[in-house]
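Colleague: Quick one: the structure is below, and I'll ask about it shortly.
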Amino acid sequence: MENLRKKIHRLIDQLSEDELKKTWETVYTLRCDFQVQKAIEENKDSQQPWDFLTYDEAMQYMDE
Numbered sequence: 008m009e010n011l012r013k014k015i016h017r018l019i020d021q022l023s024e025d026e027l028k029k030t031w032e033t034v035y036t037l038r039c040d041f042q043v044q045k046a047i048e049e050n051k052d053s054q055q056p057w058d059f060l061t062y063d064e065a066m067q068y069m070d071e
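Counting the sequence shown from 1 gives a position; our numbering is that position plus 7.
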């Protein structure tokens, strides 16, 4: 794992500011998608048809 961290740091050092910004946007989006997918997987067995989140509840959950 440490070797991978070093590789990532070297890659970051090679990126221009524009490339770094685009990379961050992509990585952040993927991270959010991963969190949503994980939450879905954790709750799919216990979810009932009447269970739902309002938009505000969903957004609050995303900020955690």
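For glycine and all other residues, C-beta sits at the position ideal for the given N, C-alpha and C. Computed from a predicted model, the values in this text were never measured in an experiment.
1. Per the contact definition of three or more C-beta pairs closer than 8 Å, is the region 36–43 in contact with the region 8–20?
2. I need the straight-line Cα distance from T73 to L22, nearest angstrom please.
3. Is DSSP giving T61 helix, strand or coil here?
4. Mapping the DSSP letters down to three states, classify L22 as helix, strand or coil.
5. Taking Cβ positions, are M69 and C39 nearer each other than 8 Å?
Modeller: On the basis of the supplied data:
1. no
2. In the structure displayed, the chain extends from 8 to 71; residue 73 sits before or after that span and is not available.
3. coil
4. In the structure shown, L22 sits in coil (DSSP, three-state: anything other than H, G, I, E or B).
5. yes
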